[in-house]
Amino acid sequence: MFELSQEKVQEIRDFIENHNFFFIIGHKEPDGDCITSCLGLAAILDYFGKPYQLLSAGPFKRNEVIRWQEKFSDTMEFQDESERKSTGLFIADCSEIIRLGDIDGDLKGFDTFVIDHHKTSELGDEIKGYVNADAPACAFLVQLFYEALIGPVPSELAKILFFGICTDTGFFRFLTDNSAEVFAAVSRLVADGADPRTTYREINSGKPYSTRKLLGVLLGRAERYLDGRLVVTYETLEDTKKWGLEGRDSDSLYQLMLSAKGVEAVVFLRQDTPTTCTGGFRSQDKIDVSAVAAKFGGGGHKNASGMSCNGKVETLIPQIVKEFARVM
């Protein structure tokens, strides 16, 4: 299922060899999988002796990825027209330019290679790359490319890629089909130096106290819909002002809600500005939340998706509930 074809391995090799410089970028508001996938691609370019710049629009809201923030910039190095023609763009954990966020510079027009695992992703005819929606994490795909191109993963990179896979799989809680192949791959990372105990602590410890207080607010505000199968909660502008954006921990919210008897899907909305919202959707096995997210300009995986759109929480909730009624 996950074995890379020789044609795909050769495609990324040719892409690397045919360019003199690279930009590496993932989606805005990066999570652990996004950041570690970018770092994995950087390690591949280091092996081939190719210069690059790591880009991210940020913000780095998640406590577990802040340690890597200084490696990324939101301002592109200046290039003249001839330099742009010899530059390649790697996009990790995302395939849509719009989801990259605000970068100081023009990302359009570069020869592009995408590595992604989102169900709603697709490659245009002019874009190279590899998208596999069955993959548990983008970092997992980067691991496969590294091993196919270079060989065993060095110890420090093994720790980084293992971290990314663990964040997107909820430390393997969300694995479904093809789990044996995934565990075979991560066992190689452990053999190469990754430490599950340390990684779990890095992901789950050190949360700001304010996030625990906010979690209580969100749990208290949660309401059930569709005979209790759907739970919806939200964060207001006042909540954000009071509790801040540091160390967001929506993952704990989803886990607690989905563990409640009878709950099959969870929606978390945040009022980002007076006229815009972001939302996160999570579900149990059979509910495809990516279909709902797509209705609001978002996307993602079958059981984990997100969206950003214009609107207010109080008007979006009934619209979202209506769409969930179609898939539940």
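The sequence shown: position 118 = 118 (full-length UniProt numbering), numbered continuously. Ideal placement from N, C-alpha and C gives every residue a C-beta, glycine not left out. Computed from a predicted structure; not experimentally measured.
Inset, instruction - Spatial neighbours of Q69 within its chain, please: CB distance less than 6 Å, with the 5 preceding and 5 following residues excluded, ordered by chain position. - result: F60
Legend entry - T240 versus V289: straight-line alpha-carbon distance, rounded: 25 Å
Inset, instruction - Alpha carbon to alpha carbon, how far is P208 from residue 414? Give it in angstroms, no decimals. - result: For residue 414 there is no data in the structure shown, the boundaries of the chain being 1 and 328.
Legend entry - Residue-level contact to chain B via CB, R99, 7 Å cutoff: As a matter of chain content, chain B is missing from the structure shown, which is built from one protein chain.
Inset, instruction - Determine the closest residue to I12 out of R229, K261, K128, with distance taken between C-alpha atoms. - result: K128
Inset, instruction - For the alpha helix (DSSP H) containing D168, list its first residue and its last residue. - result: 155 to 168
Inset, instruction - From the DSSP output, in three-state form, read off N63 for me. - result: helix
Legend entry - Residue from G220, K50, A42 whose Cα sits closest to the Cα of A146: Going by the sequence as given, residue 146 is Tyr instead of Ala. The residue with the shortest Cα to Cα distance from Y146 is A42.
Inset, instruction - Determine, using beta carbons only, whether residue 396 and L226 come nearer to each other than 7 Å. - result: Look at the range of the chain in this structure, 1 to 328, and you will see that residue 396 is not part of it.
Inset, instruction - Report yes if the CB atom of T276 is closer than 7 Å to the CB atom of N310, and no otherwise. - result: yes
Inset, instruction - With a threshold of 16 other CB atoms inside 10 Å of the CB of I35, please say whether the residue is buried or exposed. - result: buried
Legend entry - 6 Å Cβ shell around R270 - same chain, five flanking residues per side excluded: E235, T278
Legend entry - Candidates G280, G228, F268, D249, of which the one nearest K261 by Cα: G228
Legend entry - Identity of the residues DSSP links to Q53 by a beta bridge: F23
Legend entry - Distance CB(S37)-CB(A139) smaller than 7 Å: yes
Inset, instruction - May I ask you to report which of helix, strand or coil DSSP gives I115? - result: strand
Inset, instruction - Check K295 in the structure and name its three-state DSSP category. - result: helix
Inset, instruction - Verify whether the separation of the beta carbon atoms of G101 and K28 is less than 7 Å. - result: yes
Legend entry - Alpha-carbon to alpha-carbon, G216 and G26: 31 Å
Inset, instruction - Using three-state DSSP, classify I287 as helix, strand or coil. - result: coil
Inset, instruction - Provide the residue(s) that pair with T233 in DSSP beta bridges, ordered along the chain. - result: F268
Inset, instruction - Just mark Q284 as buried or exposed, buried being the case when its beta carbon has 16 or more other beta carbons within 10 Å. - result: exposed
Inset, instruction - With a cut-off of 8 Å on the beta carbons, I'd call V114 and G40 a contact; round off their distance for me. - result: Wrong, their Cβ atoms sit about 14 Å apart, outside the cutoff.
Inset, instruction - Report the residue from N132, S56, G49, R62 whose alpha carbon sits nearest the alpha carbon of D74. - result: S56
Inset, instruction - State the Cα-Cα distance for the pair F48 and H19, rounded to the nearest angstrom. - result: 11 Å
Legend entry - F22 beta carbon less than 7 Å from that of K109: Note on identity: in this sequence residue 109 is Gly, with Lys being the wrong assignment. Contact: no.
Legend entry - Through-space distance from D111 to V231, alpha-carbon basis: 43 Å
Legend entry - DSSP three-state assignment for C309, whether helix, strand or coil: strand
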